[in-house]
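For the sequence shown, full-length UniProt numbering assigns the number 1 to the initial residue and increments by one for each residue that follows. C-beta atoms are modelled at their ideal positions from N, C-alpha and C, and glycine is treated no differently.
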Amino acid sequence: MMITFAKEALQNIRQTGSIIESSSFLCRKMTSAIDFSKELNMVELGAGTGKMTKWILSQMSKSSSLMSFEVNSSLFTQLSGIEDDRLHAINRTAGDLRVFQQNSTVDYIISGLPLANIDQEEKSRFIYDCYKALKPGGYFIQFQYSLNDFSMIKNRFKMVNLGFTFFNFPPAFVYYAIKTAK
1 MMITFAKEAL QNIRQTGSII ESSSFLCRKM TSAIDFSKEL NMVELGAGTG KMTKWILSQM
61 SKSSSLMSFE VNSSLFTQLS GIEDDRLHAI NRTAGDLRVF QQNSTVDYII SGLPLANIDQ
121 EEKSRFIYDC YKALKPGGYF IQFQYSLNDF SMIKNRFKMV NLGFTFFNFP PAFVYYAIKT
181 AK
């Protein structure tokens with residue numbers, strides 16, 4: 001899996017955002033705010049080869065569901081090989097989230113998309129779409145190697161907590177953005 005990811009990264013680093021997959025430490029850090037004992041409707045954006053996907057599935061209740069988006073065909077081939085009835089793997093862009101999820105139906109959105117490589121207008125639309133898809137009290141969880149997009153996320157979500165892990169290459173910040181009730 002790591003070889004497939006690295007190969008795809010070398011061909012299109014703007015799409016993958018890194019030459020290696022996220023570490024297990026980052027997977028745990030990103031999901032630390034999630035109460036997996038509940039029945040959850042979750043979305044994963046930029047699922048890659050499925051490293052985070054497998055971690056989420058290992059923690060989720062049997063009645064929960066996970067919709068994982070991956071646009072890269074080679075990475076999607078590996079992702080779609082994960083056999084779990086709770087997983088719905090989709091070979092489409094994160095921009096298609098609005099097509100697959102009705103407004104205010106998602107508990108958690110976990111994103112590994114390389115925000116730094118997305119233009120401002122598209123990024124703003126992406127953050128808005130995530131906000132719309134979440135239930136009140138739902139979380140948009142995103143990692144980034146810098147705090148470049150903290151203010152953009154904070155402008156939309158108002159309530160954003162920060163995490164950090166050194167144990168990833170490169171080390172990563174984690175945004176925990178919460179959709180507050182209106």
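Item                                                                                                                                                               : Value
Counting only the same chain and skipping the five closest in sequence on each side, list residues whose C-beta sits under 8 Å from that of T165.                  : S23, F25, L26, K29, P171, A172 and V174
What do you reckon, are the CB atoms on L40 and S68 nearer than 9 Å?                                                                                               : no
For residue 255, report the span of its beta strand (DSSP E) as first-last.                                                                                        : A question about residue 255 goes unanswered here, because the residues of the chain that appear run from 1 up to 182.
What is the rounded straight-line gap between the Cα of G163 and the Cα of Q144?                                                                                   : 10 Å
Can you check which of these residues, Y139, K135, V71 and I141, is closest to Q102 by C-alpha distance?                                                           : K135
Bridge partners for I127 per DSSP, in chain order?                                                                                                                 : I127 is not bridged to any residue.
For S80, which residues from the same chain have a beta carbon less than 6 Å from its beta carbon, with the 5 sequence-adjacent residues on both sides left out?   : A89
Take S73 as the anchor and find which of K123, N91 and L66 has the nearest alpha-carbon.                                                                           : N91
Take every Cβ of the segment 147 to 157, pair it with every Cβ of the segment 103 to 114, and state whether three or more of those distances are shorter than 8 Å. : no
Restricting to Cα atoms, I'd like to know which of L97, S58 and F100 is closest to D84.                                                                            : S58
In whole angstroms, what separates the C-alpha of F76 from that of K154?                                                                                           : 31 Å
Please state whether DSSP places S58 in a helix, a strand or coil.                                                                                                 : helix
Let's see if you can read the secondary structure: which residues bound the alpha helix (DSSP H) around L97?                                                       : L97 to F100
Thinking F140 and F157 are a contact (beta carbons under 8 Å), I'd like their distance in whole angstroms, please.                                                 : 7 Å
N155 by DSSP, collapsed to three states: which one?                                                                                                                : helix
Within a Cβ cutoff of 8 Å, which residues of the same chain sit near R98, ignoring the five residues on either side of it in sequence?                             : D129, K132 and A133
Using alpha carbons as the reference points, say which of T180, G137 and L66 lies closest to F100.                                                                 : L66
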